[in-house]
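Residue numbers (my numbering), protein chains in the order written: chain A, 1 to 479; chain B, 1 to 479. Just so it is clear, CB atoms sit at the ideal spot from N, CA and C, and this is done for glycine as well. Bear in mind that the values here come from a model prediction, so they are computed numbers and not experimental data.
Number of protein chains: 2
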Amino acid sequence: MPERAGLDSFFAPASVAVVGATPTEGKGGYGIIHNILDSYEGPVYPVNPGREEILGVKCYPSLRELKGKVELAIVFVPAAMVPEVLEDAVEAGVKAALVESGGFAEVGGEGKLLSDRCKEISDKSGLRIWGPNCTGLVNTDPFIFAPFMLLRKARERLKPGRLGIISQSGMLAAGFMMQYVISGFFTTSKACAIGNKLDVDEVEVLRYMAEDPKTEAVIAYLESIDDGRAFLEVAREMAGRKPLAVIKGGRYEESARAALSHTASLAGSDKVIDGALRQAGAIRLDDFHDLMNLGKAFSLHPGPFKLATEEANNIAIVTVTGGAGVATIDMARSSGMNIADLEEKTLESLTKVFPDWMPPGNPVDIWPAFEQHGTDTFVEVLRDVLADARVDGVILLPFADRTVEYFPFDKVGRELEKHGKPMVSWIFGDIRYFKLFEECWNEFGVPVYTDIRACVLAMDAYLRFSRAARSKRSGGPTG
Amino acid sequence: MPERAGLDSFFAPASVAVVGATPTEGKGGYGIIHNILDSYEGPVYPVNPGREEILGVKCYPSLRELKGKVELAIVFVPAAMVPEVLEDAVEAGVKAALVESGGFAEVGGEGKLLSDRCKEISDKSGLRIWGPNCTGLVNTDPFIFAPFMLLRKARERLKPGRLGIISQSGMLAAGFMMQYVISGFFTTSKACAIGNKLDVDEVEVLRYMAEDPKTEAVIAYLESIDDGRAFLEVAREMAGRKPLAVIKGGRYEESARAALSHTASLAGSDKVIDGALRQAGAIRLDDFHDLMNLGKAFSLHPGPFKLATEEANNIAIVTVTGGAGVATIDMARSSGMNIADLEEKTLESLTKVFPDWMPPGNPVDIWPAFEQHGTDTFVEVLRDVLADARVDGVILLPFADRTVEYFPFDKVGRELEKHGKPMVSWIFGDIRYFKLFEECWNEFGVPVYTDIRACVLAMDAYLRFSRAARSKRSGGPTG
Chain A
1 MPERAGLDSF
11 FAPASVAVVG
21 ATPTEGKGGY
31 GIIHNILDSY
41 EGPVYPVNPG
51 REEILGVKCY
61 PSLRELKGKV
71 ELAIVFVPAA
81 MVPEVLEDAV
91 EAGVKAALVE
101 SGGFAEVGGE
111 GKLLSDRCKE
121 ISDKSGLRIW
131 GPNCTGLVNT
141 DPFIFAPFML
151 LRKARERLKP
161 GRLGIISQSG
171 MLAAGFMMQY
181 VISGFFTTSK
191 ACAIGNKLDV
201 DEVEVLRYMA
211 EDPKTEAVIA
221 YLESIDDGRA
231 FLEVAREMAG
241 RKPLAVIKGG
251 RYEESARAAL
261 SHTASLAGSD
271 KVIDGALRQA
281 GAIRLDDFHD
291 LMNLGKAFSL
301 HPGPFKLATE
311 EANNIAIVTV
321 TGGAGVATID
331 MARSSGMNIA
341 DLEEKTLESL
351 TKVFPDWMPP
361 GNPVDIWPAF
371 EQHGTDTFVE
381 VLRDVLADAR
391 VDGVILLPFA
401 DRTVEYFPFD
411 KVGRELEKHG
421 KPMVSWIFGD
431 IRYFKLFEEC
441 WNEFGVPVYT
451 DIRACVLAMD
461 AYLRFSRAAR
471 SKRSGGPTG
Chain B
1 MPERAGLDSF
11 FAPASVAVVG
21 ATPTEGKGGY
31 GIIHNILDSY
41 EGPVYPVNPG
51 REEILGVKCY
61 PSLRELKGKV
71 ELAIVFVPAA
81 MVPEVLEDAV
91 EAGVKAALVE
101 SGGFAEVGGE
111 GKLLSDRCKE
121 ISDKSGLRIW
131 GPNCTGLVNT
141 DPFIFAPFML
151 LRKARERLKP
161 GRLGIISQSG
171 MLAAGFMMQY
181 VISGFFTTSK
191 ACAIGNKLDV
201 DEVEVLRYMA
211 EDPKTEAVIA
221 YLESIDDGRA
231 FLEVAREMAG
241 RKPLAVIKGG
251 RYEESARAAL
261 SHTASLAGSD
271 KVIDGALRQA
281 GAIRLDDFHD
291 LMNLGKAFSL
301 HPGPFKLATE
311 EANNIAIVTV
321 TGGAGVATID
331 MARSSGMNIA
341 DLEEKTLESL
351 TKVFPDWMPP
361 GNPVDIWPAF
371 EQHGTDTFVE
381 VLRDVLADAR
391 VDGVILLPFA
401 DRTVEYFPFD
411 KVGRELEKHG
421 KPMVSWIFGD
431 IRYFKLFEEC
441 WNEFGVPVYT
451 DIRACVLAMD
461 AYLRFSRAAR
471 SKRSGGPTG
């Protein structure tokens, strides 16, 4: 068996060649060479037999001219030319090839034959192949931005974070990047699209992220899991150590078929996979938006949190609106969480800030007290509620208006840090104050959402993961 | 029995008094008088015994001085003073009192006694009472903006629309206003918070909106439905005629109890209500965000749409990303929709724009064709798909980048209008282009969302309502 490199050769290569680099703007081969020159600090070698130089950098006719110089070759040439490029790569001692070109197994016929030839090259030589048919990968430390979609100033725009992102679908992963990462919805450690999985597959990437010290939580969108047993093993190993949330598409016959035509992979038996994910303590979702929302929660605070109660599933709701409190209860109970029965001493203390006519309870409807005492009410109420030994986590439902400017973030933040309990917040009202509110809370690791459903989802995930971590510490069952 | 006015006296009064008006900024009584003077075109009478004039308008010591002049009195004085104000109102011939003050049945004890006295006055005199304990109501034509929360330039900011909004929770309704209406998320015909329902209740308001020619669809957040039979009757009457989506809080014991303390109403037997809503063809939801998303869909196009097939439940998915297509299938199938089996002629026609290696199917993965032919691909593909006799509706999943500028909205829009089928769109990618994409589609009645779940929810609601309308026309069962 030839020696085979690990995924560091993709995520942290010592040098990079871009095969199919072109100075023609708008082409993918331009996007890649631009992105790499702009984002990556090691030596870069454009490869294109028709060019002397590209973007001011000397260009080589083939990888063969770069013998011993290249660790990672990023390949973006027509499918029919890829096998030859890979043979050149082997010849040049390249360790890893990120093949972003499409037109392989996913198109059937000739593409399938090309795919088989590439696989053969990889098996025989030990050359690692990522893809084909993928949009590439991103590492924020050390930095490399390898997708073919042009992104200016990637280093400035993609801030290092603790979240790992795995997507099987190229366009979708690109969408994740563009929409969520670039917009600052969350920060990321590593993000990648795995494509056709000719060699590197979802299990190897997940295992890599499970071991990566810079990745503290992982979200994944997968159309197929080929080796359920191996996937389960990694997921189990992560349980209670790093949160894992997964969309596994293809629940239905039609979607499984669509997944097959899209990335040439079988969707596997959905029920087996569902059970395996649950057993391993992973969170399975259906919606990208949910996945992004959990990604935000885990990127801000991966957990685990301190748990107050044995069941570790009891929440308090602090709200400025009774209606939102009622709706939150319905959603929290649907998700299996309990509404904490507050301690007598908490209720007594709340009585001091509540008006006479209003007995405190859970949900803690803070509005009348807030009207009387202003924003300090939040400090007093949250101090009491966070200190309550029957409360494992808090869902905060405030109103955004100019009083947000006076919100006592620091004081409440210190209480949060003191108790180590999770808090998530919905915000509604005047959207001009949302950004301020969110940024101030994010500093304390509190995710802020504009829908209650996302709050409930995040709190449930925080508590589940914290329970799994406690179980692991005590040697009990995970999940 | 005394004669009792209808709800026109609240939504379209000939004259308005504001009892508790004050020139002190920041107070609710300032908010109301400001809002009314700024938004309402009829005569306005501030009432406050301690003032000569407020905001330049002559002020009266009591409603009694305004005998015969006032149709609607908006009341914002301490609870203990409300019965006397109502007696003054009766004396002055006022037809309707909108009581925004809190401190009644929802606080128990003394408040309950005050509430009973108000009820007695209403019963005996015929004076209609809205509230108490509510944030008010809004009508966009004729315009009146009555909440106590100050909103500058309400007439300019709240555009008339076709959606009616009913909320039981005051703060929440205010939140709806602030966040969704003011931000332009949707336009509204009438919006209101019903509060403690001392006299006017959810059934009467819903019936009013069901009959209001300017309201073509209704979304409602209710914590309780007191007279299930009457509610069901109105909902049934609306089935197939005006879409109705409802959040009915209090599914669980804890939330039912919280609803009780919040608006002094019993949550009713949840299962009975659930069944009744379903029978009446109403859509029941749990999450505000979902309710807002359906509100947007119905405000843009209330339906009903033309239905192509007998089952009227078959969708086509046109996507630039296979992954999103797979996820959409999973969610659509979960909601009970079918993935249309496209006609042979549609597939043949698609073959012309698809590359050779890619056989067209549903989802219609448009990316490779788009890469070859540019934005015109959308026209060709959507023309074929909309014309397909097996397709009842289309979910469009495009990518936002600068090509949005060239998107053929008009051409596709004409096809949409020609076929009368519903289309909804998700958008992802570069958020700078979202607004443009959304505005251009909204002109054709196509709602645009940033999560697929919302698309699926809206399409499902469109098709359900269109089926109910077809049933009604053919005299069959509704729902």
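For residue i, the nearest candidate out of the options (CA to CA)
i        : options                                : result
LYS421/B : LEU436/B, ASN442/B, ASP388/B           : ASP388/B
ARG467/B : ALA400/B, ASN442/B, GLY393/B, PHE407/B : GLY393/B
ALA14/B  : LEU72/B, LEU114/B, LYS58/B             : LEU72/B
GLY228/A : GLY28/A, GLU25/A, ASP201/A             : ASP201/A
LEU150/B : SER115/B, ILE182/B, ALA340/B, THR319/B : ILE182/B
THR22/A  : ILE329/A, ALA12/A, VAL47/A             : VAL47/A
TRP367/A : GLY126/A, GLY295/A, VAL320/A, THR328/A : VAL320/A
GLU380/A : ALA312/A, PHE407/A, LYS95/A            : PHE407/A
ALA128/A : ASP274/A, VAL99/A, GLU253/A            : The question names Ala, but residue 128/A in the sequence shown is Arg. Answer by Cα proximity: VAL99/A.
THR450/B : HIS34/B, PRO132/B, LYS296/B, LEU7/B    : LYS296/B
ILE165/B : PRO360/B, LEU294/B, ASP376/B, PHE444/B : LEU294/B
Residue i at chain A interface by Cβ criterion, 8 Å
i        : result
TRP441/B : no
LYS67/B  : no
ARG453/B : yes
MET358/B : yes
GLY322/B : yes
ARG157/B : no
VAL75/B  : no
MET331/B : yes
GLY429/B : yes
ALA327/B : yes
ARG251/B : yes
GLY111/B : yes
GLU343/B : no
Simplified DSSP assignment, three categories, for residue i
i        : result
VAL200/B : coil
VAL482/B : Since the first residue of chain B shown is 1 and the last is 479, residue 482/B is not available in this structure.
SER189/B : strand
PHE409/B : helix
GLY20/A  : coil
PHE76/A  : coil
ALA96/B  : strand
LYS248/A : strand
TYR40/B  : coil
VAL70/B  : coil
GLY6/A   : coil
GLU233/A : helix
PRO160/B : strand
CB contact check: residue i to chain B, cutoff 8 Å
i        : result
SER169/A : yes
PRO363/A : yes
GLY29/A  : no
GLN372/A : no
VAL107/A : yes
ILE166/A : no
PHE186/A : no
ALA389/A : no
GLY26/A  : no
ILE395/A : no
ILE339/A : yes
Nearest-angstrom beta carbon gap, residue j and residue i [assumed within contact, 8 Å]
i        : j        : result
THR135/A : GLY161/A : THR135/A to GLY161/A, Cβ: 19 Å. No contact.
LEU285/B : LEU291/B : 5 Å
GLY384/B : THR346/B : For the sequence presented, residue 384/B should be read as Asp rather than Gly. Going by Cβ atoms, the distance from ASP384/B to THR346/B rounds to 5 Å, so yes, they are a contact pair.
GLY303/B : PRO243/B : 6 Å
At a Cβ cut of 9 Å, what residues of the segment 269-290 of chain B count as close to chain D, listed as they run along the chain? Here chain D cannot be found, since the structure's protein chains are A and B.
Please give me, in chain order, every unbroken run of the alpha helix (DSSP H) with length at least 4 that falls completely inside the segment 319-344 of chain A. 322-334
Quick check on the DSSP output: what are the complete alpha helix (DSSP H) runs of length 4 or more inside the segment 357-439 of chain A, in order along the chain? 367-373, 376-387, 409-419
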